[in-house]
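Asker: Okay, here's the structure, questions in a sec.
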Amino acid sequence: MALGVQSLSEDLRDVPLKRFLVCRREAELSVWTRNGLFKFHNCRARDTCGVIQFPITQPALLMQSAAATFDGLVVELTKCAPPIAGQADQESKRVLILEDLVALSYPVKACSAENVRHLVAYGRKYWNHPPATGLFTDLLFQLFSKQKISLPTLDIQQEVIGQCVDFLLSVLKSTGIPGSSRTDGDLRLNVLRTLGTVLFENGAACFKSHSALLIALAPLASEGRTDDDPEVRRMALTCLGNLCVKTGTKGANLQKEVYNILMRSLVGDVSEENTSKVVSSALRGLQLLINENKTLVQDSAPTLLSFLQQYGLAMPTNPHSFTTTASAKSIKKPPRSLMTIPSDSEFSDGEIGLPRNRLRDSRLQLNAILCLQALAKAQAKLVYPYWFRFLPDPVEGPSAPSLISVMRDSESPKVRHAACAALMAFLEGSKQYLSVAEDSTIKTSFTSLSQKLAEQLREIHQGLLKAVKEETQPLLLTQELKCLGVLIKNCTYNRLRHNYRQDAYDAVLSRITPEDFAITSSVLECIAALLDAGTPLFSTPEADSSYALLDIVLTLAKKPEHISVRVAALDVLCSVARNAPDAIGANWSKLEDILVNAETDAKDAVRAAALKLLEQYTHSCGAKEGVQVPPLTWWTDLVDHHVQTAIQDTFYAVRSLSCDCLSHFPSIIFEKMPPKRQYACLALALGMVQDEDHTVRAAACRTLGVYVSHPAVMEDVLFLNDVAATIPQLAADKNVNVRIRTSWALANLCDALASVGENAQKQGVNIAEVGITHEIIVEIIRAGLAAAKDNDKCRSNGVRALGNIVRVCPPMLLAREAERLLKEIVSVVLKNVDSGSVKARWNACHALGNMLRTDAFPIGRASWTDAVYESLIGAVVHCKNFKVRISAGTAIAGPMTRARYGATEVGASKNIRKAMQAMVTGLENASNLDDAAFGEFKYGEQLSDQSTLTHLRNVLGANDMEIRGNESRIEA
């Protein structure tokens, strides 16, 4: 059959004989081939509808992309008429289109989700018979494994996944009919392979099919089916594991059923090849399930850990020690084209030379260790009692099976990498557990937990340090360095005799590899962890200036280095700033140029790391004792050349850190600044409270909270007015962290205003006359009320602010707001006295004490007087925390006149009598430490002293004879 083409491309020649589908439209001929879509213009062909075969010596004028081929094929397919009996040519046309879709080189670009949707719907409806069934199954596998299709909405995802699952289940059911042919058996494997791929991370999109999937897959995954290929069981287990991924809490029942099936599949003789594969698939599924729902293993953790120890730590010494030769009667494997392709690569290049049975054993061991890693991450505390099974045992020595021995001896790089990752999972977050470890020279008849942990830490350190020194594979070395860094961060070295930190420092410093940025950055992370762990690498500033480490780190922080190395080097300098800040000051001349270049770098991470270094150094200068604080000129230069530039940065973290730098100015430095300089710093912080990013707003609020505590700002009412007009605006911020910082700044502001008010009263004027208007005070009160009703971390600061602002309220304002704001203030504070965190309750009692000592506060004549005393008395008698009881007792003893205990003689007598009884009860309970926390013991004596105070004697009346009878008990 001939085909004439007038215009030909010169790009491709000598295309071999292929089968083509030809469609004729006027003068243009479109040909879909396995090489793409070809369009022929002004062509002639004898047959434009059927299948033609002919050699091509030159391709067509236009060849479109693979994506256009996919879309074009789907469009052409949907235009085909529905199948009608007797129209074999139309059926052949559909099959050929399907074959060409399968033969495309996936992934293709711009593959439209809508076309995938149409294709799946079409296939579900029409391709339910051979040979289309097998081809459509292959096509679904290609789309979900290689194309990684993304469906735009949940409804479309549920529709597409549901149709795929329905189709595959119907085919799977048809292959299970007794007497099925060998071809049906191969199709079953193909369907299970595709089903596992479709279900992965799509379990939530097919909730309606969960029951049907369990009914179909559970029997195939169960032991004892002699009529099936063992490969079927393995693939069914894979499908069940993939089904549970991303099903969330709604899939809890499904997850539990699948978990039980997988656990039952762990039993067997793994020296037999088929059983080994089944167990390996079950372990992979368990790993996925544990990542999805960590509560599944709570009841069966000991059993699972026993299996993981058996399969994960086994180290065959010869090719026949772990496996046996397959029997000649073993079931024949399916064709390679139908074998399951796991989501991750089976083996690395370094494993290709291993014998077949060793490869299988490595796969089993790999999945066991990955499952162990998932379990250690999900249930760290549950795994603590079983550390001795997986970590080096000092009694048995370094040759005993452990994760360290697997890292050292395994022939599989993947297994060694997984063992290192599992060890990291064990160590991550274990600081509290490892803090028990302590070396002891005293010999006892038993080994305590602290001594055993210390010996285990010794073995782990030795194993990891040996691996770091001798490792030759870069990827493994990087992982081992990261594992060592996690160990350093979680280990308490002060109770261990050997200087492991110095050993680790010497080992990692020698592994700096300039040509490998991953290794170098991991080394720097270890060094930073060592510095934070208290490694005494720096002794005196003079020695630091020439110390080799700083020279190395400063070199690596410069621009030619890789970004990860530069960031890691700056992080090391941050650790130096935290732990040896004088070394930063001694080397500032070398460091400043590096910082200037880093602050103007195009990479956000580099700029943020540079500002983090400045923030850490300024924090150490202001917070650590004995640190040599730079002179005033250094701080002004910091603002002019670093902070002002960073505060305008496009990256939110840089702006936030620049605000933090402003907040770390030592008080002695801030006091020396000229007023204009002080106000400039305050203006920078005020300008950032409206930033679009919540972390910047929170940092700005914190800075303002620090500034209002400086004596220089407290003495300047204009400064306080500006802050007072700004902070209340953020009390209703959407972000809780901003509100927490705002409440803290508000409380500090009210502390400052209380100081201003006291000074004003000494001068015979009220606070309004010195510039703090009634309007500002009302706004502060409203912000304090909002904070006192907010998050628990906001409440303590909110009530503290209310207690202080009431102290300085002008009497006229208190009288005006007695039935509105003041009543709400008392109600909110009383709620915090009765409930909430200890910190909030203590601050609420303290706030009431401030209010009760305020002359203009209408206690005694207000309707809520009894409620105030009842709340405080309840705290003295019933609260378990001594600090809260002390604060409540102090508040009760605040009023100095009888009239402030009640508007009438009867009311005052009642409240005084209850208060005196509460004091007596508090005195009697002061020595009762049964329900007290360990940290409360030191406050017992203080509570006793507080309970014996005689403040109430000054307000006793002539008719309070019953109360006077208790004085002897108090004095006793």
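Numbering (my numbering), first residue to last: 223 to 1194. We put the beta carbon where it would ideally sit given N, CA and C, even for glycine.
(1) With C-beta atoms as the reference, is L373 less than 9 Å away from R346?
(2) So for N515, helix, strand or coil by DSSP?
(3) Give me the residue from T1087, L645, S627 and D615 with the minimum Cα distance to A596.
(4) Which class does R582 belong to by DSSP, given the choice of helix, strand or coil?
(5) To which residues of the same chain is L1011 closer than 7 Å at the C-beta, ignoring the five residues directly before and after it?
(6) Kindly indicate which three-state DSSP category R1042 falls into: helix, strand or coil?
(7) Let me know if E837 comes out buried or exposed under the rule of 16 or more other beta-carbons within 10 Å of its beta-carbon.
(8) Between the region 1103-1115 and the region 1054-1074, do three or more beta carbon pairs fall short of 8 Å?
(9) Determine the DSSP secondary structure at M936, reduced to helix, strand or coil.
(10) For a minimum of 4 consecutive residues, which ranges assigned as the alpha helix (DSSP H) are wholly contained in the region 670-716?
(11) Applying the 10 Å Cβ sphere with the 16-neighbour rule, what's the burial state of S287?
(12) How long is the line joining the alpha carbons of D862 and Q678, rounded to whole angstroms?
(13) Considering only the beta carbon of each residue, do Q866 and L906 sit closer than 9 Å?
(14) To the nearest angstrom, how far is it from the Cα of H598 to the Cα of T471?
(15) Answer yes if the region 818-830 comes into contact with the region 847-858, meaning at least three C-beta pairs across the two stretches below 8 Å, and no otherwise.
(16) Taking S627 and F612 to be in contact with their CB atoms under 8 Å, please state how far apart those CB atoms are, rounded to whole angstroms.
(17) Identify every run of the alpha helix (DSSP H) within the region 1021-1068, keeping only runs that are complete inside it and at least 4 residues long; order them along the chain.
(18) Figure out for me which residue from I998, L362 and S584 has the closest Cα to the Cα of E495.
(19) Could you have a look at C302 and say whether DSSP puts it in helix, strand or coil?
(20) E737: which of A750, L588, I1108 and P782 sits nearest, CA to CA?
(21) P620 by DSSP, collapsed to three states: which one?
(22) Can you name the start and end residues of the alpha helix (DSSP H) that D1217 belongs to?
(23) Going by C-alpha distance, which of I710, T917, R630 and S652 is nearest A689?
(24) Measuring CB to CB, does T416 end up less than 9 Å from L357?
(25) Hey, S1059 and S1018 are a contact pair by Cβ (cut 8 Å); roughly how many whole angstroms apart?
(26) Would DSSP call N721 helix, strand or coil?
(27) Cβ of E702 within 9 Å of Cβ of C796?
(28) Can you give the Cα-Cα distance for P400 and M457, rounded to whole angstroms?
(29) Taking the alpha carbon of K603 as the point to measure from, which residue in V637, L391 and Y655 has its own alpha carbon closest?
(30) Applying the 10 Å Cβ sphere with the 16-neighbour rule, what's the burial state of V500?
(31) Taking the runs of the beta strand (DSSP E) that are 3 residues or longer, which of them lie wholly in the region 419-446?
(32) Measuring CB to CB, does A953 end up less than 9 Å from A1037?
(33) Taking C-alpha atoms, which residue in P352, D408, A434 and F366 lies nearest to D388?
(34) So, are the CB atoms of S634 and L588 less than 9 Å apart?
(35) Would you kindly work out how many angstroms separate the C-alpha atoms of A779 and D915, rounded to a whole number?
(36) Roughly how many angstroms lie between the CA atoms of G807 and L753, to the nearest whole one?
Answerer: The short version:
(1) Counting from 1 along the sequence shown, the entry for residue 373 is found at position 151. Counting from 1 along the sequence shown, the entry for residue 346 is found at position 124. No, these two residues do not count as a Cβ contact at 9 Å.
(2) Residue mapping note: residue 515 aligns to position 293 of the sequence shown, counting from 1. Here N515 sits in coil by DSSP.
(3) Numbered from 1 along the sequence shown, position 374 holds the residue referred to as residue 596. Closest option to A596, Cα to Cα, is L645.
(4) For this step, residue 582 is matched to residue 360 along the sequence shown. The answer is helix: DSSP assigns R582 an H, G or I state.
(5) Within the sequence shown, the letter at position 789 stands for residue 1011. In the sequence as presented, Leu is not what sits at residue 1011; that position holds Lys. These residues qualify, in order along the chain: V1050.
(6) Indexing the sequence shown from 1 puts residue 1042 at position 820. Shown here, R1042 sits in coil according to DSSP, grouped into three states, outside any helix or strand.
(7) Numbered from its first residue, the sequence shown carries residue 837 at position 615. Around the C-beta of E837, 16 or more other C-beta atoms lie within 10 Å, and the residue is accordingly described as buried.
(8) Counting Cβ pairs under 8 Å, three or more are found: they touch.
(9) Within the sequence shown, numbered from 1, the residue matching residue 936 stands at position 714. Of the three classes helix, strand and coil, the one that applies to M936 here is helix, per DSSP.
(10) Taking only runs of at least 4 residues, the alpha helix (DSSP H) segments lying wholly in the region 670-716 are 671-692 and 696-712.
(11) Position 65 of the sequence shown holds residue 287. Low confidence applies to S287: its pLDDT is 44, below 50, so where it sits in the model is not reliable, and the reading given next is rough at best. Classification for S287: exposed.
(12) Here residue 862 corresponds to residue number 640 of the sequence shown, with the count starting at 1. Here residue 678 corresponds to residue number 456 of the sequence shown, with the count starting at 1. Roughly 52 Å between the two C-alpha positions.
(13) Your numbering for residue 866 matches position 644 in the sequence shown. Your numbering for residue 906 matches position 684 in the sequence shown. A distance below 9 Å separates the beta carbons of Q866 and L906.
(14) For the purposes of this step, residue 598 is taken as residue 376 along the sequence shown, with counting starting at 1. For the purposes of this step, residue 471 is taken as residue 249 along the sequence shown, with counting starting at 1. The amino acid occupying residue 598 in the given sequence is Ala; His does not appear at that position. When only Cα atoms are considered, A598 and T471 end up about 21 Å apart.
(15) Under the 8 Å Cβ criterion, the region 847-858 does not count as touching the region 818-830, having fewer than three qualifying pairs.
(16) Stepping through the sequence shown from its first residue, residue 627 is reached at position 405. Stepping through the sequence shown from its first residue, residue 612 is reached at position 390. Not quite, the Cβ-Cβ distance comes to about 10 Å (not below 8 Å), so this is no contact.
(17) Here the runs fully enclosed are 1033-1038 and 1043-1056.
(18) Position 273 of the sequence shown, counted from the start, is the residue given in the question as residue 495. Here the closest residue by C-alpha is S584.
(19) Here residue 302 corresponds to residue number 80 of the sequence shown, with the count starting at 1. Coil at C302, not helix or strand.
(20) Translated into positions along the sequence shown, residue 737 becomes position 515. Closest in C-alpha terms to E737, from the list A750, L588, I1108 and P782, comes P782.
(21) Taking the first residue of the sequence shown as position 1, residue 620 is located at position 398. Three-state DSSP puts P620 in coil, outside helix and strand.
(22) Outside the displayed span of the chain (223 to 1194) sits residue 1217, for which this structure offers no information.
(23) Translated into the one-based positions of the sequence shown, residue 689 becomes position 467. That would be R630, whose Cα lies nearest to the Cα of A689.
(24) The sequence position of residue 416 within the sequence shown is 194, counting from 1. The sequence position of residue 357 within the sequence shown is 135, counting from 1. Taking 9 Å as the cut-off, the beta carbon of T416 is found no closer than this to the beta carbon of L357.
(25) Working through the sequence shown from its first residue, we reach residue 1059 at position 837. Working through the sequence shown from its first residue, we reach residue 1018 at position 796. Rounded, the Cβ-Cβ distance is 7 Å, consistent with contact.
(26) By one-based count along the sequence shown, residue 721 stands at place 499. Secondary structure at N721: coil, using DSSP grouped into helix, strand and coil.
(27) Numbered from 1 along the sequence shown, position 480 holds the residue referred to as residue 702. Numbered from 1 along the sequence shown, position 574 holds the residue referred to as residue 796. It is not a contact, given that the beta carbons lie outside the stated cut-off.
(28) Locating residue 400 in the sequence shown gives position 178, where the first residue counts as 1. Locating residue 457 in the sequence shown gives position 235, where the first residue counts as 1. Reliability fails at P400, whose pLDDT of 48 lies under 50, so the model's placement of it is uncertain and the value that follows must be treated cautiously. Cα to Cα, the separation comes out at about 20 Å.
(29) To locate residue 603, count along the sequence shown from 1; it is residue 381. K603 has its Cα closest to that of Y655, out of V637, L391 and Y655.
(30) Position 278 of the sequence shown, counting from 1, holds the residue named residue 500. With 16 or more Cβ atoms within 10 Å of its Cβ, V500 is classed as buried.
(31) Counting whole runs of 3 or more residues, the region 419-446 contains no beta strand (DSSP E) stretch at all.
(32) Residue 953 sits at position 731 when you count from the first residue of the sequence shown. Residue 1037 sits at position 815 when you count from the first residue of the sequence shown. No; because the gap between Cβ atoms is not below 9 Å, this pair is not in contact.
(33) As a working note, residue 388 is residue 166 in the sequence shown. Nearest of P352, D408, A434 and F366 to D388, Cα basis: A434.
(34) Reading the sequence shown from its first residue, position 412 is the one you call residue 634. Reading the sequence shown from its first residue, position 366 is the one you call residue 588. Yes, they are a contact pair.
(35) Looking up residue 779 in the sequence shown gives position 557. Looking up residue 915 in the sequence shown gives position 693. The C-alpha of A779 lies about 28 Å from the C-alpha of D915.
(36) Position 585 of the sequence shown, counting from 1, holds the residue named residue 807. Position 531 of the sequence shown, counting from 1, holds the residue named residue 753. Between G807 and L753, the alpha-carbon positions lie close to 17 Å from each other.
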